[in-house]
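This report refers to the structure that appears directly beneath it.
There are 2 protein chains.
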Amino acid sequence: MKQDTKHKIIEAGARIIHLKGYYHTGIQEVLDAAGVPKGSFYFYFKSKDDFGLQVIDFFNSMYLGMVDPIAKNKALPPLKRIEKIFDYFIDLFQGLNYTCGCPIGNLSQEMGDLSQAFGSKLAASVDDMAQIYKHLLDQAKEEKEISQGLNTQETAEFIVSSWHGSLMKMKISKSIAPLKLHKQFILDILTVGNHSLVSGPVSDQSNE
Amino acid sequence: MKQDTKHKIIEAGARIIHLKGYYHTGIQEVLDAAGVPKGSFYFYFKSKDDFGLQVIDFFNSMYLGMVDPIAKNKALPPLKRIEKIFDYFIDLFQGLNYTCGCPIGNLSQEMGDLSQAFGSKLAASVDDMAQIYKHLLDQAKEEKEISQGLNTQETAEFIVSSWHGSLMKMKISKSIAPLKLHKQFILDILTVGNHSLVSGPVSDQSNE
Numbered sequence: 689m690k691q692d693t694k695h696k697i698i699e700a701g702a703r704i705i706h707l708k709g710y711y712h713t714g715i716q717e718v719l720d721a722a723g724v725p726k727g728s729f730y731f732y733f734k735s736k737d738d739f740g741l742q743v744i745d746f747f748n749s750m751y752l753g754m755v756d757p758i759a760k761n762k763a764l765p766p767l768k769r770i771e772k773i774f775d776y777f778i779d780l781f782q783g784l785n786y787t788c789g790c791p792i793g794n795l796s797q798e799m800g801d802l803s804q805a806f807g808s809k810l811a812a813s814v815d816d817m818a819q820i821y822k823h824l825l826d827q828a829k830e831e832k833e834i835s836q837g838l839n840t841q842e843t844a845e846f847i848v849s850s851w852h853g854s855l856m857k858m859k860i861s862k863s864i865a866p867l868k869l870h871k872q873f874i875l876d877i878l879t880v881g882n883h884s885l886v887s888g889p890v891s892d893q894s895n896e
Numbered sequence: 689m690k691q692d693t694k695h696k697i698i699e700a701g702a703r704i705i706h707l708k709g710y711y712h713t714g715i716q717e718v719l720d721a722a723g724v725p726k727g728s729f730y731f732y733f734k735s736k737d738d739f740g741l742q743v744i745d746f747f748n749s750m751y752l753g754m755v756d757p758i759a760k761n762k763a764l765p766p767l768k769r770i771e772k773i774f775d776y777f778i779d780l781f782q783g784l785n786y787t788c789g790c791p792i793g794n795l796s797q798e799m800g801d802l803s804q805a806f807g808s809k810l811a812a813s814v815d816d817m818a819q820i821y822k823h824l825l826d827q828a829k830e831e832k833e834i835s836q837g838l839n840t841q842e843t844a845e846f847i848v849s850s851w852h853g854s855l856m857k858m859k860i861s862k863s864i865a866p867l868k869l870h871k872q873f874i875l876d877i878l879t880v881g882n883h884s885l886v887s888g889p890v891s892d893q894s895n896e
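Protein chains in written order, with my numbering: chain A, 689 to 896; chain B, 689 to 896.
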């Protein structure tokens, strides 16, 4: 029962934060939307930030719930599964009239510089997203769909970054074109051979 | 004299908005930082949004001021100039300890869904960025540095989107690696031939 109420608050908060951002979301507004009595917030959460961090976990689970069935669909070759993930979200954002974007990406932009606790949790969540792609790319390698030399970790990270940037462009251009462009470029990177991308990992120490 | 004061307010506002975001920036805070007397804000600006829109123009000019000398440096081949632009910002963000990111990108994330006036102005600013790359890519084509079939408009747009997403990742991972990964992947896309990217423009009408 307690867990039900807590979940209701998190779910309502996630919806509002997705639309308006974290700072712009008031606790009272969340409680109203959840239909939960005033004053019960601090029974469930230590602080607004405690609540916000749990909303990130919720977003993470929501994302995995959407992507996992596609990523694990062994009826399709791995590369096709990656394409299906892109298509799934292209359809989703068309339905949302090119609004909202990725809640994890939004919070990264909003909170990345302002809170270390948020930054670390968001980075872990973005890493989780990349791991799904890495796993699919590793399988695509095994099935000889892509170059054996492709650095799957770096490529997976680039896919997620490029996706987040494309969502940003979608929001201001109110067009699905940036997401389709992302799909086109990423699939191109994966299917064109002879990449220089097979070299070692990018160093964090110098830009040479 | 009047223009000086107005410029001081915009400059101070830009700094604070870059760090904290638009909604989080108070007018009084901006006036204090600019060293301008209380109450003079509405002498120069119709509203906070009027001020915010002028700050976007300021960011746009600042960006062009940074990039133009590199983009127009005819001593370097066009592809090398693109690489130098990436390196310029990699150095810049290393100096900023991986904070701040692109103010236009930040505002796109924050305001894209909330204000049509902001959305349109930000989209125009992002298009301006893409035009710099398109122009360099067109020159690279002329000088036979890149594939004659590359769609320079789409590639330029993808470069800007991917860059914004990489900045987002930089902020939460507090690492320059995402920007280097962007550089590596984009230069790879540009220098590897036989791309499927030479096909027609991405349609906005369907995701087929």
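Where a beta carbon is used, it is the ideal one built from N, C-alpha and C, also for glycine.
Proximal residues of chain A, C-beta to C-beta of B:Leu811 below 7 Å: Counting from one through the second sequence, the residue named residue 811 of chain B turns up at place 123. In the sequence as presented, Leu is not what sits at residue 811 of chain B; that position holds Ala. The contacting residues are Ile860 and Ser861.
Exposed unless 16 or more other CB atoms sit within 10 angstroms - verdict on A:Gly716: Along the first sequence, one-based indexing puts residue 716 of chain A at 28. Per the sequence shown, residue 716 of chain A should be read as Gln rather than Gly. Exposed, because fewer than 16 other Cβ atoms sit within 10 Å of the Cβ of A:Gln716.
Alpha carbon of B:Gly714 to alpha carbon of B:Phe729, nearest angstrom: To locate residue 714 of chain B, count along the second sequence from 1; it is residue 26. To locate residue 729 of chain B, count along the second sequence from 1; it is residue 41. Approximately 11 Å, taken between the alpha carbons.
Member of B:Met858, B:Lys694 and B:Leu878 whose CA lies at the smallest distance from the CA of B:Asp779: Taking the first residue of the second sequence as position 1, residue 779 of chain B is located at position 91. Nearest of B:Met858, B:Lys694 and B:Leu878 to B:Asp779, Cα basis: B:Met858.
C-alpha distance - A:Ile705 paired with A:Tyr786, whole-angstrom precision: Against the first sequence, residue 705 of chain A aligns to sequence position 17. Against the first sequence, residue 786 of chain A aligns to sequence position 98. Rounded to whole angstroms, A:Ile705 to A:Tyr786 spans 17 Å at the Cα level.
Range of the contiguous alpha helix (DSSP H) that encloses B:Glu830: If you number the second sequence from 1, residue 830 of chain B lands on position 142. Gln804 to Glu830 is the span of the alpha helix (DSSP H), which, as asked, contains B:Glu830.
CB contact below 8 Å: B:Leu838 versus chain A: Here residue 838 of chain B refers to the residue found at position 150 when the second sequence is read from its first residue. No, B:Leu838 does not count as interfacial toward chain A.
8 Å Cβ cutoff, A:Leu683 in contact with chain B: Residue 683 of chain A falls outside the range modelled here, since chain A spans only 689 to 896, and no answer is possible.
Extent of the continuous alpha helix (DSSP H) run through B:Pro757: As a working mapping, residue 757 of chain B is identified with position 69 in the second sequence. Note, B:Pro757: alpha helix (DSSP H), Lys736 to Ala759.
Selected residue, minimal CA-CA separation from A:Lys868, among B:Gln797, B:Glu842 and B:Ser835: Sequence index remark: in the first sequence, residue 868 of chain A carries index 180 (1-based). Measuring from the Cα of A:Lys868, the nearest candidate turns out to be B:Glu842.
Exposed unless 16 or more other CB atoms sit within 10 angstroms - verdict on A:Asn761: In the first sequence, the residue the question calls residue 761 of chain A occupies position 73. Classification for A:Asn761: exposed.
Spatial neighbours of A:Gln893 in its chain, beta-carbon cut-off 8 Å, leaving aside the 5 residues before and after: Here the question's residue 893 of chain A lines up with position 205 in the first sequence. Confidence at A:Gln893 is low in this model, with a pLDDT of 42, below 50, so the placement of that residue is unreliable and no value is reported for it.
Cβ distance (whole Å) where A:Leu767 is taken to contact A:Leu878 below 8 Å: As a working note, residue 767 of chain A is residue 79 in the first sequence. As a working note, residue 878 of chain A is residue 190 in the first sequence. About 6 Å separates the two Cβ atoms, so the contact holds.
Neighbour-count burial assignment, B:Ala700, 16 or more Cβ in a 10 Å radius: For the purposes of this step, residue 700 of chain B is taken as residue 12 along the second sequence, with counting starting at 1. Burial call: buried.
Chain A within 8 Å of B:Lys857, Cβ atoms only: Residue numbering aside, residue 857 of chain B sits at position 169 when the second sequence is read from its first letter. Interface residue, yes.
CB contact check: B:Glu845 to chain A, cutoff 8 Å: One-based indexing of the second sequence puts residue 845 of chain B at position 157. With 8 Å as the cut-off, B:Glu845 counts as an interface residue toward chain A.
Any chain A beta carbon closer than 8 Å to B:Asp745: Translated into the one-based positions of the second sequence, residue 745 of chain B becomes position 57. B:Asp745 does not count as touching chain A.
Distance, B:Asp826 Cα to A:Gln691 Cα: Counting from one through the first sequence, the residue named residue 691 of chain A turns up at place 3. Counting from one through the second sequence, the residue named residue 826 of chain B turns up at place 138. The straight-line gap from Cα to Cα measures roughly 59 Å.
For A:Val718, the three-state DSSP class (helix, strand or coil): Your numbering for residue 718 of chain A matches position 30 in the first sequence. DSSP places A:Val718 in helix when its eight states are reduced to three.
Extent of the continuous alpha helix (DSSP H) run through B:His870: Here the question's residue 870 of chain B lines up with position 182 in the second sequence. Run containing B:His870: Ala865 to Thr879, per the alpha helix (DSSP H) assignment.
Expected contact under 8 Å - CB spacing of A:Pro866 and B:Ser850 to nearest Å: Looking up residue 866 of chain A in the first sequence gives position 178. Looking up residue 850 of chain B in the second sequence gives position 162. Not really, about 10 Å apart at Cβ, beyond 8 Å.
Collapsed DSSP secondary structure at B:Tyr711 in the structure displayed: One-based indexing of the second sequence puts residue 711 of chain B at position 23. In the structure shown, B:Tyr711 sits in coil (DSSP, three-state: anything other than H, G, I, E or B).
Backbone CA spacing between B:Val880 and B:Gln819 [nearest angstrom]: Numbered from 1 along the second sequence, position 192 holds the residue referred to as residue 880 of chain B. Numbered from 1 along the second sequence, position 131 holds the residue referred to as residue 819 of chain B. Each residue's Cα considered, the two are about 22 Å apart.
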